[in-house]
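Reading through the structure tokens given below for one structure.
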Amino acid sequence: MTRAGFQMWLDASPPADELRSFPYIVDDLAWARRHGFGSDLVEAVDARRLADPNQRYVSGLSPERREALLAALNGPRPEGLEARLPSGGVMRRSAEGCTSEAQRQLYGDLAQWYRANKVVADLSYLRQRRVLADPAWTAALRPWARCLRQQGYAADSPQRLRESVGDRGREAEIAAAVAEARCAQDGLAATARELDARHGDELAAAHHQDVATRNRLEHGAIPRARAVVASEQE
Amino acid sequence: MRRIHLVMAGAAMLAMLLSGAPAAASPAQPDSVGSASQAAPVDRDGRAERVDLPRRTPADGARTAAEGNGYFYAYEHAYWGGGWCAWAGNAKNWINPGGAGTSGQWGCGGNYGFDNIATSVWNNGVRHNYDAVRMHVGTFHSGGSMCLSRGDSWADFTLGWQVFNDGTAADNQISSHYWGVSCV
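Residue numbers (the numbering used here), protein chains in the order written: chain A, 1 to 234; chain B, 1 to 184.
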């Protein structure tokens with residue numbers, strides 16, 4: 001990016017609470033008490049995004065320069081690399097620009113790495129989809145919903161519970177998330193963990209070649225990455 | 001793409017349909033939804049965020065989707081066609097994309113809902129910790145989700161392959177989105 005005439009800043013890692021994700025239900029009571037379903041984190045992230053030096057820098061550029069920066073960073077258009085996802089769909093990205101150039105240096109075969117990386121990442125979506133469609137999940141929702149009803153919530157699914165809270169404010173969100181997490185301790189959380197692990201194992205086995213390719217290319221990149229970092233520190 | 005918008009899009013769309021090449025080579029057309037005459041974007045919290053209208057693609061189609069300015073883009077039709085919305089920030093209710101929980105929005109028009117309309121999407125964001133976009137079936141980030149990392153795109157949901165993690169087919173179903181740490 002410097003060669004292309006632009007500046008870039010590296011970020012510190014995000015706070016740990018932001019790195020937690022709950023694809024099925026919030027089952028961490030302490031986290032639920034702090035964040036409800038997490039809408040405060042979405043807002044906090046938005047504030048941090050606006051304060052980020054990269055975002056501020058880009059926002060301060062003229063439209064022409066901004067377009068040039070994004071073309072230099074992401075490539076001019078989202079075509080060139082392609083991954084057919086196991087969950088369905090075709091994801092594409094540019095093979096040009098500084099991101100692609102750096103990844104090509106790291107992984108060697110950019111097209112192969114992009115494909116394997118996206119396929120493996122997609123397995124987590126496929127896994128979640130399978131968990132949510134599993135009869136054991138649906139069955140475990142029923143006692144969970146009964147428990148919720150005793151706490152004053154009529155929702156029969158996590159989605160309905162979130163929708164019922166909608167825009168009713170932080171206290172309502174936290175109360176609902178705490179109820180969700182508390183009721184999940186009676187079996188739904190354990191069911192989610194079991195199903196997640198089982199479907200994850202099955203998918204990794206079914207797509208072992210992609211997993212192996214991704215791992216091989218990323219392990220191969222480690223010494224190259226170390227060399228880059230070492231040369232920057234000289 | 002919904003039927004009503006085919007009607008709204010008028011002659012240009014009709015010509016494309018007749019030519020047998022719908023949308024595939026179509027430039028972004030900020031007509032019915034986006035508008036070149038729009039004023040500066042509204043930010044409910046009064047924060048100034050520098051955003052610009054994606055520029056109309058030249059007639060030669062050479063820059064089909066190159067009008068990016070650091071946004072998450074959602075288009076009405078496949079391959080970046082039809083009406084569009086662009087967000088440098090979040091929108092938790094696409095029924096009312098100018099409402100609360102929206103930031104850095106551009107292109108939708110003040111009162112134009114983009115709920116259950118998107119058929120192609122592209123994350124042309126700026127690189128930082130929060131450059132992954134998570135889209136949800138439901139408003140207020142409820143229901144199934146799917147995620148695009150920076151640079152990635154889905155060009156045509158009408159094919160029916162792309163689905164949210166709850167199994168919902170993606171076409172005309174996105175109702176909210178936010179920027180987050182990563183897609184994994």
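We treat Cβ as the ideally placed atom computed from N, Cα and C, and that holds for glycine.
These numbers come from a predicted model, not from an experiment.
Note on geometry: alpha-carbon atoms of Ala184/A and Ile25/A lie some 8 Å from one another. Three or more beta-carbon pairs separated by less than 8 Å are not found between the segment 164-171 of chain A and the segment 132-143 of chain A, which leaves the two stretches without contact.
In terms of beta-carbon proximity, Gly166/A lines the interface with chain B, with at least one pair separated by less than 7 Å.
Chain order gives no chain A residues near Gly82/B, where near means a beta carbon separation below 8 Å; the closest approach is about 17 Å. Phe140/B reaches chain A at Phe37, Ser39, Arg162, Glu163, Val165, Gly166, Asp167, counting residues in chain order whose Cβ is nearer than 9 Å. Counting only runs of 3 or more residues that sit fully inside the segment 182-212 of chain A, no beta strand (DSSP E) segment turns up. At a Cβ-Cβ threshold of 7 Å, Gly151/B and Asn74/A count as neighbours. Excluding sequence positions up to five before and after Phe72/B, its CB lies within less than 6 Å of the CB of Trp87, Asn123, Val133, all in the same chain and listed in chain order. Against Arg224/A, chain B offers no close residue; the least beta-carbon distance is about 20 Å (beta-carbon pairs closer than 7 Å). Among the residues facing chain B, Asp11/A is included, as its CB has a counterpart in that chain under 7 Å away.
When DSSP states are grouped into helix, strand and coil, Gln128/A belongs to the helix group. Contacts with chain B at 7 Å (Cβ-Cβ) do not include Gly108/A. Around the CB of Ile95/B, fewer than 16 other CB atoms lie within 10 Å, so the residue is classed as exposed. Taking a beta-carbon distance threshold of 7 Å, Gln162/B counts as an interface residue toward chain A.
The Cβ of Tyr130/B sits closer than 7 Å to at least one Cβ of chain A.
Counting every other CB atom within 10 Å of its CB across the protein chains shown gives Glu180/A a total of 16 or more, marking it as buried. CA-to-CA, the gap between Arg198/A and Arg130/A works out to about 10 Å. In this chain, the beta strand (DSSP E) harbouring Gly180/B covers 176-180. Among the residues facing chain B, Gln128/A is included, as its CB has a counterpart in that chain under 7 Å away. An exposed status is given to Leu10/A, since fewer than 16 other beta-carbon atoms sit within 10 Å of its beta-carbon.
Residue state for Ser164/A is assigned as helix, using DSSP reduced to three classes. Each residue's CA atom was taken as its position, placing Tyr75/B and Val121/B some 6 Å apart. 7 Å or more divides the Cβ of Phe22/A from the Cβ of Glu173/A. For the segment 85-173 of chain B, the full-length beta strand (DSSP E) segments reaching 3 residues or more read 120-124, 132-136, 145-148 along the chain.
Of the residues Ala212/A, Asn54/A, Ser157/A, Arg34/A, the one whose Cα lies closest to the Cα of His128/B is Asn54/A.
For Asn116/B, no Cβ of chain A is located within less than 7 Å of the residue's own Cβ. Distance from the CA atom of Ala189/A to the CA atom of Val178/A, rounded to whole angstroms, is 13 Å. Going by beta carbons, Asp46/A and Asn90/B fall inside the 7 Å limit. With contacts defined by Cβ atoms closer than 7 Å, Ser176/B and Asn116/B do not form a contacting pair.
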